[in-house]
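Residue numbers (this note's numbering): 570 to 794.
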């Protein structure tokens, strides 16, 4: 039953399904936000084939080792960017509108650089960049201009959000139609890291009740233990 459920999940939500055991496996050796790990795992480990999953895990580890920007290694990353001319980084990006220059500029949290010009298509498409920032995979170019010593030589070629800027509810609903109510309860509980088969039907509903404050405004919940 669980194998069939996993297959249908991948069919309807490909690239968005993450095995929590893989997250734990990599998290123990990587100081990165969980949602960064889960995004990468969803991209590289979306399979029921254990051999493909293992290769995907190794790819994720390699990407984190090569591209995740650690604050204490920011200068090393910038040096690699300068030497190679292009480099891909994983960092928290915030965008501001420079009124004097009439352009959008990006700030990189861990890389420690700011005022990097960014196309207005990105804040238009991902407005959370303007409201606190989001984690992204960013392809950077390094183009030093002798005539423009005041500007930054860093350019953004492509930006891909890791944190979902918004949820496509129509897509979610379309996929939901492939599952029964009981199956969907299992999926919800698994998304919190719990195995539903270990609980009675009543216990499953009690655990679901904990999610009510996440979906209902002004809902107060008190647990007595």
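Cβ coordinates follow ideal geometry from the N, Cα and C atoms, glycine included.
Looking at the unbroken alpha helix (DSSP H) that takes in residue i, where does it start and where does it end?
i           : result
residue 692 : 690-694
residue 674 : Counting along the chain, residue 674 falls outside any alpha helix (DSSP H), though it belongs to the beta strand (DSSP E) covering 672-677.
residue 748 : Taken as a continuous stretch (DSSP letters only), residue 748 belongs to no alpha helix (DSSP H), as it is neither H nor E.
residue 788 : No alpha helix (DSSP H) contains residue 788, which DSSP labels as neither H nor E.
residue 603 : 603-613
residue 771 : 770-778
Which whole-angstrom value is the C-beta distance of residue i and residue j, which I expect to be below 8 Å?
i           : j           : result
residue 707 : residue 660 : 7 Å
residue 709 : residue 650 : 6 Å
residue 682 : residue 725 : Their Cβ separation, rounded to whole angstroms, is 11 Å, which puts residue 682 and residue 725 out of contact at 8 Å.
residue 750 : residue 765 : 13 Å between Cβ atoms; not a contact.
residue 705 : residue 728 : 5 Å
Would residue i pass as a contact of residue j if the rule is Cβ separation under 8 Å?
i           : j           : result
residue 687 : residue 664 : yes
residue 758 : residue 783 : no
residue 654 : residue 612 : no
residue 619 : residue 575 : no
residue 626 : residue 586 : no
residue 577 : residue 614 : no
residue 656 : residue 666 : no
residue 695 : residue 703 : yes
If I follow the unbroken beta strand (DSSP E) through residue i, where does it start and stop?
i           : result
residue 657 : 655-667
residue 684 : 682-686
If we define contact as Cβ-Cβ less than 8 Å, is residue i a contact residue for chain D?
i           : result
residue 730 : Among the chains in the structure shown there is no chain D, since it carries only a single protein chain.
Within its chain, find whatever has a CB closer than 7 Å to the CB of residue i; leave out the 5 residues flanking it on each side and keep chain order.
i           : result
residue 592 : 603, 606, 607 and 610
residue 698 : 662, 663, 664, 691 and 692
residue 744 : 581 and 582
residue 753 : 745
residue 773 : 754, 758 and 765
Return the bridge partner residues of residue i from the DSSP annotation.
i           : result
residue 579 : None, per the DSSP bridge assignment.
residue 724 : 710
residue 704 : 661
residue 729 : 706
residue 637 : 659
Excluding five sequence neighbours on each side, which residues of the same chain lie with their C-beta closer than 8 Å to the C-beta of residue i?
i           : result
residue 638 : 646, 658, 659, 660, 677, 679 and 680
residue 721 : 682, 684, 685 and 686
residue 572 : 617
residue 621 : 614
With a threshold of 6 Å on Cβ separation, who are the neighbours of residue i within its own chain once the five nearest residues in sequence on each side are excluded?
i           : result
residue 713 : 722
residue 747 : 577 and 581
residue 628 : 613
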